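Residue numbers (our numbering): 349 to 657. From the three backbone atoms N, C-alpha and C, an ideal C-beta is built for every residue, glycine too. Every value quoted in this text rests on a predicted model; they were computed, and no experiment measured them.
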Amino acid sequence: MSRAFVFPGQGAQTIGMGRALAEVYPAAKAVFDEVDEALGQKLSALIWEGDIAELTLTQNAQPALMATSIAAMRALEAEGFGIHDATFVAGHSLGEYSALCAAGALTLADTARLLRTRGHAMQEAVPVGVGAMAAILGLDFEAVTAIAAEAAGDEVCQAANDNDPAQVVISGHKAAVERAMELAKARGAKRALPLPVSAPFHCALMHPAAAVMSEAFAGVVISKPVVPVVVNVRAEAVEEPDRFRDLLVAQVTGSVRWRESVLWMERAGVTEYWEIGAGKALSGMIKRIASGAVTRAVGTPEDVTALKG
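Laid out in structure tokens, this is it:
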């Protein structure tokens, strides 16, 4: 049996996530303490006792979700599990940073600072109200890509997230996304749902954020990951440290190829996926992509101790 550790992206955040882990496992609490110190902010207080609207702000949600995932990793390690129990790691969008941190390619402090910069840059790249994102349900990636291109006109509209065989997220200018939603419904989509996001992620409108991230990586050391990382923009495993900078910068404007990434891992022999951190969204996607895949959510002390059974 081959196993992958997968790390969730934005949207999984909840008030209180990771708190029980920190209360039970000192090593998990140390993660939140280190992230607080790296950011010069009591992010842990916002995560555990704050307002969900403030936590959902991109510059807060991104480091908060990463901290929760790494805290869950430390809890696993305390119970005798570790990164070597995975053949691959992968993450959805910001979750790729969590995966790199878990695999030892990035330090925790650097990961927190990079995600704070990334979240702020993505938020600032497009004025509020100019962009939008929408989930198209019931059409595959190829169909949605064609619809997005047709709807774009002289604006931007792209397939941003290839999540699973029947869920593709589009991103771009608000009017173009709205045109694409109508086209999708006319062409057989079961639903076309606007998403409650503050910016149009993973499309060409994010070029200013990509430029910021290119500069942010200049002084960051990236080590060889302990296990290969299946990266979003390539949908294949990468181990060479010098490739990750360009791939993570490209990820800001590129599509999250999650469906293809899971299929790649399935072909490589992965049969079990542990979703490390908040929520179970990736587990649901994986089950719709890889028939027979076994998934486990690891976000609470109970989840961790259940693995020992």
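- With respect to the C-alpha of Pro513, the residue from Ala386, Leu387, Gly632 having the closest C-alpha is Gly632.
- The beta carbon of Thr465 sits closer than 8 Å to the beta carbons of Val560, Met561, Ala564 from its chain, once the five residues preceding and following it are set aside; these are given in chain order.
- Residue burial annotation: His521 is buried, with at least 16 other C-beta atoms found within 10 angstroms of its C-beta.
- If you draw a straight line from the Cα of Ala598 to the Cα of Phe592, it comes to about 10 Å.
- Distances from the CA of Glu503 to each of Val642, Ala480, Leu543 were compared; the closest alpha carbon is that of Ala480.
- Boundaries of the alpha helix (DSSP H) around Tyr445: 443-450.
- The residue from Thr435, Phe429, Ala420, Asp399 with its alpha-carbon nearest to that of Ser350 is Thr435.
- In the DSSP secondary-structure assignment, Trp396 is not bridged to any residue.
- Under the DSSP definition of a beta bridge, Phe355 partners with Gly439.
- Pro542 has Ala482 as its beta-bridge partners, per DSSP.
- The DSSP-derived three-state label of His432 is helix.
- Under the 8 Å Cβ criterion, the stretch 609-624 counts as touching the stretch 350-369, having at least three qualifying pairs.
- Under DSSP, Gly647 forms no beta bridge with any residue.
- Pro475 counts as exposed, since fewer than 16 other C-beta atoms from the protein chains shown sit within 10 angstroms of its C-beta.
- In the three-state DSSP reduction, Asp384 falls in the helix class (H, G or I).
- Taking the Cβ atoms as the reference, Glu584 lies roughly 13 Å from Trp606, outside the contact range of under 8 Å.
- DSSP places Ile518 within a strand segment (E or B) once states are collapsed to three.
- Taking the Cα positions, Asn511 is about 22 Å away from Ala558.
- Looking at Gly647, Leu553, Gly627, the one whose alpha-carbon comes closest to that of Ser519 is Leu553.
- Residue range 456-472 is occupied by the alpha helix (DSSP H) that includes Glu472, with no beta strand (DSSP E) assigned at that position.
- Taking a cut-off of 8 Å for Cβ pairs, the stretch 571-580 and the stretch 429-445 touch, as three or more such pairs fall below it.
- Comparing alpha-carbon positions, the option among Thr404, Thr601, Ala453 lying closest to Met365 turns out to be Thr404.
- Judged by their CB atoms, Ala524 and Ala499 are nearer to each other than the 8 Å cut-off.
- Contact between the stretch 483-500 and the stretch 451-461 is absent: fewer than three C-beta pairs spanning the two stretches fall below 8 Å.
- Take the alpha-carbon of Asp488 and the one of Val516: they are about 7 Å apart.
- Counting other Cβ atoms within 10 Å of its Cβ, Ile400 stays below 16 and is therefore classed as exposed.
- Gly602 and Ile431 have their C-alpha atoms some 27 Å from each other.
- Ile363 is the residue among Gly486, Glu371, Ile363 whose C-alpha sits nearest the C-alpha of Ile395.
- Trp612 is bridged by DSSP to nothing; it lacks a bridge partner.
- Setting aside the 5 residues that flank it on each side, Glu588 is surrounded in the same chain by Lys572, each with a C-beta closer than 8 Å to its C-beta; the list follows chain order.
- If you look at Glu623, you'll find it in the beta strand (DSSP E) that goes 618-624.
- Around the C-beta of Thr459, 16 or more other C-beta atoms lie within 10 Å, and the residue is accordingly described as buried.
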